[in-house]
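In the working numbering, the protein residues as written are 286 to 386.
We put the CB at the ideal spot given by N, CA and C, even for glycine.
Let me begin by presenting the structure, written as structure tokens, before commenting on it.
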Amino acid sequence: MDTELWTPALNLSSFSTVILHFDHYFYYSTDEIGDVDVSVDGGNTWINVARFQGADVGPETHTVDISSIAAGKPNVIIRFHYYDAYWDWFWIVDNIRVEAY
Numbered sequence: 286m287d288t289e290l291w292t293p294a295l296n297l298s299s300f301s302t303v304i305l306h307f308d309h310y311f312y313y314s315t316d317e318i319g320d321v322d323v324s325v326d327g328g329n330t331w332i333n334v335a336r337f338q339g340a341d342v343g344p345e346t347h348t349v350d351i352s353s354i355a356a357g358k359p360n361v362i363i364r365f366h367y368y369d370a371y372w373d374w375f376w377i378v379d380n381i382r383v384e385a386y
């Protein structure tokens, strides 16, 4: 399994601080990987900001400061990428929030 969830493009050009919050539950079996990536060029390239692999995580709220990547940028996309899931366990992601100021 290889699947992705993208946010709509976010205009963060007026903000100097950008914090990503999300609730999730990563259920691990063998080789699954859950990546959280940020793009500032419309999804052409991605910068990894969090990786879940090797152990069950959650359910929990996870917070990532993405200011160094996303602050001041007009075309930010956040991607949740679940892949190498040969046994197809799961990664549940909910309540995605971007706090910008």
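- Boundaries for Ala-385: no alpha helix (DSSP H) harbours it, while the beta strand (DSSP E) harbouring it runs 375-385, taken from the DSSP string.
- Rounded to the nearest angstrom, the gap between the Cα atoms of Gly-319 and Asp-379 is 14 angstroms.
- For Ala-335, the enclosing beta strand (DSSP E) starts and ends at 332-337.
- Ile-354: member of the alpha helix (DSSP H) spanning 352-355, first to last residue.
- Residue burial annotation: Ala-340 is exposed, with fewer than 16 other C-beta atoms found within 10 angstroms of its C-beta.
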